[in-house]
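Here the protein sequences line up with chains A and B, keeping their order.
Counting in this note's numbering, the first sequence runs from 15 upward without gaps.
Counting in this note's numbering, the second sequence runs from 5 upward without gaps.
Glycine included, each C-beta is placed from N, C-alpha and C at the ideal position.
These numbers were taken from a predicted model, which means no experiment stands behind them.
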Amino acid sequence: MKKTTTISLARTLFHIEEDAYALLDTYLISVKSHFADHDDKEEILSDIEARIAERFTEARDSIIDSTAVQAVIDAMGTIGQFDATDTVEPVTATHTTLHKRLYRDADSRVVAGVAAGLAHYFGIDRTIVRIIFIGLVFLSGFGIITYIVLWMVTPLAKTNAQKLEMAGVPVTLKAMSEIVRERFEEIDGDRIAKSTKDFAAGFSADVERGSKTFFATVGPLVKVIVGVFVVFFALCATAGVTILTALGLFGLPARFFGVSATSVLHGLQYSGAVVALYLAIVLPIIVVLLWGISLLRKKSILNRINVLVFGSLWFLAVVVSGVMVSRLAYKVSEQMKQDPMIITQTISQTLSPFVAVDVADGKNVTIVMGQEYKIEYEGTQSAIQDTAATVQDGILSIRGKDTSFTRCMFCDNQPLHMTVTLPLLSALIATDNARIYGDVQTQSLKVTQSDSSQISLTGSSGSLDLNIKDSSAFDGQELMLQSARVVARDGSTVSLDVKGILVAEAYDGSSIEYTGTSQAKIIKKDGSRVEAIESEETVL
Amino acid sequence: MNKDVKEDVALAHAQMRKGVLEFCTLLIIEKDTAYVSDILKELKLADLIVVEGTLYPLLSRLKTEGLLEYTWQESPSGPPRKYYSLTPHGTKQLAQLKTIWKTLTTSVNSLITKSA
Chain A
15 MKKTTTISLA RTLFHIEEDA YALLDTYLIS VKSHFADHDD KEEILSDIEA RIAERFTEAR
75 DSIIDSTAVQ AVIDAMGTIG QFDATDTVEP VTATHTTLHK RLYRDADSRV VAGVAAGLAH
135 YFGIDRTIVR IIFIGLVFLS GFGIITYIVL WMVTPLAKTN AQKLEMAGVP VTLKAMSEIV
195 RERFEEIDGD RIAKSTKDFA AGFSADVERG SKTFFATVGP LVKVIVGVFV VFFALCATAG
255 VTILTALGLF GLPARFFGVS ATSVLHGLQY SGAVVALYLA IVLPIIVVLL WGISLLRKKS
315 ILNRINVLVF GSLWFLAVVV SGVMVSRLAY KVSEQMKQDP MIITQTISQT LSPFVAVDVA
375 DGKNVTIVMG QEYKIEYEGT QSAIQDTAAT VQDGILSIRG KDTSFTRCMF CDNQPLHMTV
435 TLPLLSALIA TDNARIYGDV QTQSLKVTQS DSSQISLTGS SGSLDLNIKD SSAFDGQELM
495 LQSARVVARD GSTVSLDVKG ILVAEAYDGS SIEYTGTSQA KIIKKDGSRV EAIESEETVL
Chain B
5 MNKDVKEDVA LAHAQMRKGV LEFCTLLIIE KDTAYVSDIL KELKLADLIV VEGTLYPLLS
65 RLKTEGLLEY TWQESPSGPP RKYYSLTPHG TKQLAQLKTI WKTLTTSVNS LITKSA
């Protein structure tokens, strides 16, 4: 059994076995190259083709085999015989074969085959030429202009003879056969029909596959550029979505609007929902990615099966994630109505006596002077439950119960606000991002601050003993002081208003600003700053 | 030795054929308008041509020199054919060639007779 193909010779169709076709193709290409420089080559070639067609017709074989082709070749003579026997024509076809010529190589092109052609001409690897071109592009675009000029002036190697010339191989029948055999081995059934068509067209007209003009090739260049961008962004998007999904699966944002997703969707359901949501988003991106790759490879890799698989998978993913999301949304709306994380309330609690307040864990406390000892909470139920206020040894400690970081997506993080009322204040301690605001009236106040805490006081105090460190801040510009002693460390900032004596020590990039006094004793080290600034009262 | 002589003879034969191919082609066409197959048939009968491929460049040159012209005619089977005929210029040139040939054969024949 032999595969046959159909060819058109002198507008007549013939069925020909594939090996016979290869033989005929090789022969015709050799003849073509023999007459390549002849003024009348087209006519001679079409006459020869017509004669071959006539012989095939006379033979009346339904399918032409290699024996028939060989008989025709024997009768017509090989190009070697043309020269040796009865030719009266000057042999012109071989004189150009001794030296290389610069052509563009369409077979291994990226844009128009200029670089590949140059590589053939200079006998170096085409990758090197391409790297040089790209390098020149970055040198103020010189490479692009060079490339376009070379593109326009260099002919494309269309015929096999020209391809041999490009490579500097003498144009002989043997070398031709080599090319044809290589080409024949790499083509599949689909392309035989195509090359057959070309073959017929190539003999009668100049138009050949691959003989694209400058402007016809700009399209593919744009495609390549678009392809690079599409592939790049699709890859970024895929990576981003994948990372987010991995975080979702392995625990990160498990709460939506204050509702734990895992409390609505249990175990596998939750994983399934995340995977479905992931696929619903990522599949279209992958299709775009494949499209981009297709643009780059000049061959579509999006076949019907791919699209069908992707399409049905995507549909399934959309349905599943739709169901899951609507279930979650329902639960969210239900729980919104009774979630302790959302409902705010005010609770007042009377406390045993204390003179000092110690705040930690990012809590937010306002201090006011009053006749009773009490604390007032204002915030969500869960935030209130998360807070403990205890009095021990005359110190009110305000702490978080559960100090573990709770992750919540779209949670309404209203801060809990606490107001502490007491008749007499003597000390304040603020650690761990605590914030204390206060309007105080006292004789002496001792303040200790650490770990990025902030204190802002108004009112008045006889004396202030402030010990502040770890990038904390103390704002006492509206606090009237008779005297103050300040030690600031590690980039902390302090501002004060002192009537009497100020003893200020600043270390390690801390800064102390003060108004009001001329009796200041200052120590500063390691880029710290202690400065008197004009108070507004003085100016006025 | 013998082989070399044979090759020399073959070469001389080829040279002679080359020399008269153009002349004979014109003669065949003069007789009647002819298409390539007719011409080839006659040339082969006269053992004047070995491979067909050589005729095409010859016809092309004769046409370019204005000795031949052709017309397309439908063929009973297959594609249309080119029928070649002599131009007036071709006829004139052929007449000269005939004269030259006659002189040439006379000279050659007389040389053969003399040597024999």
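Checklist entry - In chain order, what residues of the same chain lie with their CB nearer than 7 Å to the CB of Trp-105 (chain B), ignoring the 5 residues before and after it? => result Phe-27
Checklist entry - Taking Lys-513 (chain A) as the reference, which of A:Ala-546, A:Asp-504, A:Phe-488 and A:Asp-484 has the closest Cα? => result A:Ala-546
Item to check | Proximity of Ser-486 (chain A) and Ser-467 (chain A) at Cβ, strictly below 9 Å | outcome: yes
Next on the checklist: Quick check on Ser-89 (chain B) - is its C-beta less than 9 Å from some C-beta in chain A?
Outcome noted: no
Checklist entry - Given Phe-368 (chain A), which residues of its chain have a CB within under 7 Å of its CB, disregarding the five upstream and five downstream residues? => result Tyr-387, Val-405, Gly-408, Ile-409, Leu-410 and Leu-436
Next on the checklist: If you measure between the beta carbons of Val-382 (chain A) and Val-373 (chain A), is that distance less than 9 Å?
Outcome noted: No. Outside cutoff.
Item to check | Selection from A:Ile-77, A:Gly-452, A:Gly-505 and A:Tyr-161 that minimises the alpha carbon distance to Ser-464 (chain A) | outcome: Selection A:Ile-77, A:Gly-452, A:Gly-505 and A:Tyr-161 evaluated against Ser-464 (chain A) yields A:Gly-505 as nearest (Cα-Cα).
Checklist entry - From what residue to what residue does the alpha helix (DSSP H) around Met-15 (chain A) run? => result Going by DSSP, Met-15 (chain A) is part of no alpha helix (DSSP H) at all; its letter is neither H nor E.
Checklist entry - Pick from B:Ser-81, B:Ile-43, B:Ile-116 and B:Tyr-87: whose alpha carbon is nearest that of Thr-26 (chain A)? => result B:Ser-81
Item to check | Reference Thr-364 (chain A); option with closest CA among A:Gly-376, A:Ser-314 and A:Glu-390 | outcome: A:Glu-390
Next on the checklist: On the CB-based measure, 16 or more other CB atoms within 10 Å of its CB, does Ile-412 (chain A) come out buried or exposed?
Outcome noted: buried
Next on the checklist: Starting from Ile-398 (chain A), trace the alpha helix (DSSP H) in both directions and tell me its first and last residue.
Outcome noted: 395-399
Item to check | Continuous alpha helix (DSSP H) assignments of at least 4 residues falling wholly in the stretch 126-178 of chain A | outcome: 128-136, 140-152 and 156-167
Checklist entry - What are the partner residues of Tyr-87 (chain B), as DSSP defines its beta bridges? => result Bridge partners of Tyr-87 (chain B): B:Tyr-39 and B:Thr-75.
Item to check | Interfacial residues, the stretch 54-81 of chain A to chain B, with Cβ spacing under 7 Å | outcome: Asp-54, Glu-57, Ile-58, Asp-61, Ile-62, Ala-64, Arg-65, Ala-67, Glu-68 and Thr-71
Next on the checklist: Beta carbons nearer than 7 Å to chain A: which residues of the stretch 31-57 of chain B have them?
Outcome noted: Val-40, Ser-41, Ile-53, Val-54, Val-55, Glu-56 and Gly-57
Item to check | CA-to-CA distance, Thr-107 (chain B) to Leu-115 (chain B), given in whole angstroms | outcome: Roughly 12 Å between the two C-alpha positions.
Checklist entry - Cβ atoms of Glu-527 (chain A) and Val-544 (chain A): under 9 Å apart, would you say? => result yes
Checklist entry - Under the three-state reduction of DSSP, which class applies to Arg-318 (chain A): helix, strand or coil? => result helix
Next on the checklist: Please identify, using Cβ separations under 9 Å, the residues of the stretch 101-116 of chain B that lie next to chain A, in order along the chain.
Outcome noted: Listed by position, the residues of the stretch 101-116 of chain B near chain A (Cβ gap below 9 Å) amount to none.
Checklist entry - Is it the case that the Cβ atoms of Leu-15 (chain B) and Val-40 (chain B) are separated by a distance below 9 Å? => result no
Next on the checklist: Counting C-beta neighbours from all protein chains within 10 Å, is the total for Lys-208 (chain A) 16 or more, i.e. buried, or is it exposed?
Outcome noted: The pLDDT assigned to Lys-208 (chain A) is 47, lower than 50, so where the model puts this residue is not dependable, and the model offers no usable value.
Checklist entry - Taking Cβ positions only, does Thr-20 (chain A) come closer than 9 Å to chain B? => result Thr-20 (chain A) is outside the set of residues whose beta carbon lies under 9 Å from a beta carbon in chain B.
Checklist entry - Any Cβ of chain A within less than 9 Å of the Cβ of Thr-75 (chain B)? => result no
Item to check | Cβ-Cβ separation, Ile-361 (chain A) to Ile-300 (chain A) (assumed contact under 8 Å), whole Å | outcome: Actually they do not touch by this definition, with Cβ atoms about 53 Å apart.
Checklist entry - So, helix, strand or coil for His-17 (chain B), using DSSP? => result helix
Next on the checklist: Excluding the 5 residues flanking Ser-308 (chain A) on each side, which residues of the same chain have their C-beta closer than 7 Å to its C-beta?
Outcome noted: Ser-314, Ile-315 and Leu-316
Checklist entry - Do we get a CB-CB distance below 9 Å when we pair Leu-63 (chain B) with the residues of chain A? => result yes
Checklist entry - So which of A:Leu-478, A:Gly-414, A:His-431 and A:Leu-430 has the shortest CA-CA distance to Leu-442 (chain A)? => result A:Leu-478
Item to check | C-beta atoms of Leu-480 (chain A) and Ala-498 (chain A) nearer than 9 Å | outcome: Going by C-beta atoms, Leu-480 (chain A) is nearer than 9 Å to Ala-498 (chain A).
Checklist entry - Which chain A residues are close to Thr-68 (chain B), counting only those with a beta carbon under 8 Å from its beta carbon? => result Asp-53 and Asp-54
Checklist entry - What first and last residue would you give for the beta strand (DSSP E) that runs through Phe-488 (chain A)? => result Residue range 487-502 is occupied by the beta strand (DSSP E) that includes Phe-488 (chain A).
Item to check | Under 9 Å between C-beta atoms of Leu-493 (chain A) and Val-434 (chain A) | outcome: no
Item to check | Buried or exposed (CB count within 10 angstroms, at least 16 for buried), Phe-136 (chain A) | outcome: exposed
Checklist entry - For Phe-217 (chain A), which of helix, strand or coil comes out of DSSP? => result Here the model assigns Phe-217 (chain A) a pLDDT of 39, short of 50, so the residue's position is not dependable, and the following value carries that caveat. Helix.
Next on the checklist: What does DSSP give as the partner residue(s) for Arg-118 (chain A) in the beta ladder?
Outcome noted: For Arg-118 (chain A), which the question treats as bridged, DSSP gives the partners A:Leu-170.
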